[in-house]
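So the structure is just underneath, and the comments pick up after that.
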Amino acid sequence: MKHPMLKYLKETGTYGDRLPTIFCPGCGLGQVLQYTLRAVENVSRKDGLPLSRFVFISGIGCSARLTSHYLRFDSIWSLHGRAPAVATGALLANPELIPIIFTGDGDAGAIGGNHFIHACRRNLDMTMICINNGLYGMTGGQSAPTTPRGFTSTTSPYGNVEKEFDLCQMAITSGAGYVARWTTAHPQQCIATIEKGIRKKGLAFIEIMTQCPTHWKQEPAKMLKDYRTRAVRLPEGKETERPVLGRNQFWVGEFLNIDQPEWIETYQKIIDRFKGERTPMPK
Amino acid sequence: MPKLHVEQKYCKGCGICIEFCPAKILKVSKKMNSRGYFPPESDEMEKCKKCGMCSLMCPDFAIVVEE
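Protein chains in written order, with this note's numbering: chain A, 6 to 288; chain B, 53 to 119.
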């Protein structure tokens, strides 16, 4: 018996075997791919959606290798940071599609920052999965906007002096409808959240904190256990009553789930309003 | 008794399944695979509860528990 998720992956291609994946041993990207595939399978089975309606879009970076290299789904490997723009185009051309975007932290937070903000602002009906490992993994472990203060990287050997970027807060202020954060050490929660994000009408931004064994120079299992202690579940209730976070800790959970006007629906209403009023073209 | 199946050529020997098995029945094999990694193996599969944690957390789609 093979792994149940291998039926969604291309095992061989034009240039020989595609699997095992190109990622380093213990990389969290394979885990994120597996959680997403399980969520997609659950959604398509429970809601009766055909798999041909899903489309996967990615930018550049380690996270971008997840789409067109391995998936049997429709997928686009697009420009650096421009995955939300490409997804917008795909969605406007065919509003039936369900776009799922894989971005890295450098992709969404650094070079594609404006595309990310404006995709959130328009509240388009897509799911954005941001895989955050806290540095630029593919180019050699330089510090990224999401590197936490005090963490060492190749360009900050004495500890990073800058404050890190909180992408979830950014998505909330920009106007996304659904915002959540988990880590790769929370598999069931990740699957449930991605399912909810796919069903959500509007932009669902899901940040998944991953490990980078190559550049953090630790054992993958140790880093995952470390994430379980560092990640604190967001308590219910008011913001002022929350406990104070310890050093290197961060909140996980569902941050926002609100219903807002969605772009495609709003635009369709305008189209419907003027239908039938159009005068024929003069001859 | 459940049977452990490890796809030898896909495993990269990261050890996540060994650490996260709730029954702690997986261990590193002494036999190297074709890519030079040491995949997991188990001698005590009768203790397996079939929770599927190993296959759920595997980054390389390599490990699965059969009935």
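Beta carbons are placed, not taken as given, at the ideal position from N, Cα and C, and that holds for glycine.
Return the bridge partner residues of residue i from the DSSP annotation.
i             : result
residue 214/A : 137/A and 188/A
residue 46/A  : In the DSSP output, where bridge partners are listed per residue, residue 46/A has none listed.
residue 196/A : Answer by DSSP bridge pairing: none, since residue 196/A is not bridged.
residue 57/B  : 116/B
residue 60/A  : 79/A and 104/A
residue 258/A : 186/A
Could you give the DSSP three-state label for residue i: helix, strand or coil?
i             : result
residue 279/A : helix
residue 77/A  : coil
residue 265/A : coil
residue 179/A : helix
residue 85/A  : coil
residue 113/B : coil
residue 72/B  : helix
residue 93/B  : strand
residue 79/B  : strand
residue 37/A  : helix
residue 202/A : helix
residue 144/A : coil
residue 239/A : coil
residue 68/A  : helix
residue 155/A : coil
residue 167/A : coil
residue 160/A : coil
residue 209/A : strand
residue 132/A : strand
residue 104/B : coil
residue 42/B  : Here chain B covers residues 53 to 119 and nothing more, so residue 42/B does not appear.
Hey, how far is the Cα of residue i from the Cα of residue j?
i             : j             : result
residue 140/A : residue 120/A : 20 Å
residue 237/A : residue 65/B  : 29 Å
residue 212/A : residue 256/A : 11 Å
residue 108/A : residue 142/A : 13 Å
residue 210/A : residue 180/A : 10 Å
residue 147/A : residue 107/B : 32 Å
residue 52/A  : residue 23/A  : 31 Å
residue 102/B : residue 168/A : 43 Å
residue 114/A : residue 89/A  : 12 Å
residue 201/A : residue 123/A : 22 Å
residue 104/A : residue 196/A : 17 Å
residue 134/A : residue 106/A : 6 Å
residue 125/A : residue 176/A : 6 Å
residue 224/A : residue 69/B  : 13 Å
residue 18/A  : residue 73/A  : 11 Å
residue 117/B : residue 161/A : 43 Å
residue 127/A : residue 27/A  : 35 Å
residue 222/A : residue 252/A : 20 Å
residue 59/B  : residue 105/B : 16 Å
residue 100/A : residue 205/A : 15 Å
residue 137/A : residue 183/A : 18 Å
residue 258/A : residue 187/A : 6 Å
residue 16/A  : residue 151/A : 33 Å
residue 76/B  : residue 55/B  : 15 Å
residue 228/A : residue 73/B  : 16 Å
residue 71/B  : residue 273/A : 51 Å
residue 232/A : residue 164/A : 20 Å
Stretch pair the segment 14-34 of chain A + the segment 96-111 of chain B: three plus CB contacts closer than 8 Å: yes
For the segment 99-125 of chain A, which segments carrying the beta strand (DSSP E) assignment without a break, of at least 3 residues, lie completely within its bounds, in sequence order? 103-109
Check whether the segment 84-91 of chain B and the segment 232-249 of chain A touch, using three or more Cβ-Cβ pairs below 8 Å as the test. no
Answer yes if the segment 153-160 of chain A comes into contact with the segment 71-82 of chain A, meaning at least three C-beta pairs across the two stretches below 8 Å, and no otherwise. no
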